[in-house]
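*Asks:* Anchor point for the sequence shown: position 121 equals 121 in full-length UniProt numbering, and the numbering is continuous, going up by one each time.
Where a beta carbon is used, it is the ideal one built from N, C-alpha and C, also for glycine.
Handing you this structure, nothing more for now.
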Amino acid sequence: MPPKARIGKEKILDAAFELTRKRGAEAITAKAVAEKAGCSTQPVFWYYENMDALKKEVFDRGLAFFGERLRAQRTDCESPYLGVGLNYIEFAAEEKGIFRMLFMSDFGGTDLVRADLEKDYILSIIEFSDGVTGAAAEDIYKEMWLFSHGIAAMTVTGTAKFSDAEIRRMLSRVYRGLLGSEI
Numbered sequence: 001m002p003p004k005a006r007i008g009k010e011k012i013l014d015a016a017f018e019l020t021r022k023r024g025a026e027a028i029t030a031k032a033v034a035e036k037a038g039c040s041t042q043p044v045f046w047y048y049e050n051m052d053a054l055k056k057e058v059f060d061r062g063l064a065f066f067g068e069r070l071r072a073q074r075t076d077c078e079s080p081y082l083g084v085g086l087n088y089i090e091f092a093a094e095e096k097g098i099f100r101m102l103f104m105s106d107f108g109g110t111d112l113v114r115a116d117l118e119k120d121y122i123l124s125i126i127e128f129s130d131g132v133t134g135a136a137a138e139d140i141y142k143e144m145w146l147f148s149h150g151i152a153a154m155t156v157t158g159t160a161k162f163s164d165a166e167i168r169r170m171l172s173r174v175y176r177g178l179l180g181s182e183i
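Below, the structure written as structure tokens:
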């Protein structure tokens, strides 16, 4: 009888990531990951010293996944910066488990306001779109992120529902208001 195929580390990580996408980071247990990967729990611990190590890799993959989605170019926006805000909120709506892990938990042990996720990219868009630089651009980045995050969090939790037109209007108004305060 031929030996059983060995389950690779990537398959374990893929299984944990998919569990997180569908059910949230709380679903990452050795038993659930093994079941999703189609193996026993033994391979999980071959590759990962403990579940925290696996969760750290899931978190890192989630950040990379988020970054790709945030940077996706849009042709349906009058402003590239509006596109970033819409991408953020759409990511929250479509990837609730990953969004909760990244932005609505202490899973990564990160102060998200000061973590500057994708900050350089977003500041370059503010500068390119509206010519705002330095501390003024950083203030806009932080305040718009907090506003966008509020909409995204309410979307994820189901505490509010907004149409695409409402979201676009709110983001545009707040952004124009912040730009006006910096001019």
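In whole angstroms, give me the CA-to-CA distance for residue 234 and residue 95.
*Replies:* For the chain, the structure presents residues 1 to 183; residue 234 sits outside this window and is missing.
*Asks:* Output yes or no for whether 8 angstroms exceeds the beta carbon distance between residue 171 and residue 67.
*Replies:* The answer is no: Cβ separation not under 8 angstroms.
*Asks:* What number of angstroms, rounded off, separates the C-alpha of residue 83 from the C-alpha of residue 129?
*Replies:* Using only the alpha carbons, I get a separation of about 12 angstroms.
*Asks:* Once the 5 residues before and after residue 143 are set aside, which same chain residues still bring their CB inside 7 angstroms of it?
*Replies:* Cβ neighbours of residue 143 beyond the five flanking positions: 178.
*Asks:* Could you tell me whether the segment 31 to 50 touches the segment 11 to 23, where touching means 3 or more Cβ pairs closer than 8 angstroms?
*Replies:* Contact holds: three or more Cβ-Cβ distances are below 8 angstroms.
*Asks:* Do residue 54 and residue 16 have their C-beta atoms within less than 8 angstroms of each other?
*Replies:* Yes, they are a contact pair.
*Asks:* Which of the three DSSP states is assigned to residue 75 in this structure?
*Replies:* Coil at residue 75, not helix or strand.
*Asks:* For the 8 angstroms Cβ check, are there 3 or more pairs between the segment 152 to 163 and the segment 121 to 138?
*Replies:* Taking 8 angstroms as the limit for Cβ pairs, the verdict is that the segment 121 to 138 does not touch the segment 152 to 163.
*Asks:* Going by DSSP, what residue range makes up the alpha helix (DSSP H) through residue 97?
*Replies:* Taken as a continuous stretch (DSSP letters only), the alpha helix (DSSP H) holding residue 97 covers 96 to 103.
*Asks:* Which class does residue 160 belong to by DSSP, given the choice of helix, strand or coil?
*Replies:* Reduced to three states, the DSSP call for residue 160 is coil.
*Asks:* Quick one: grab the DSSP three-state call for residue 169.
*Replies:* Helix, per DSSP.
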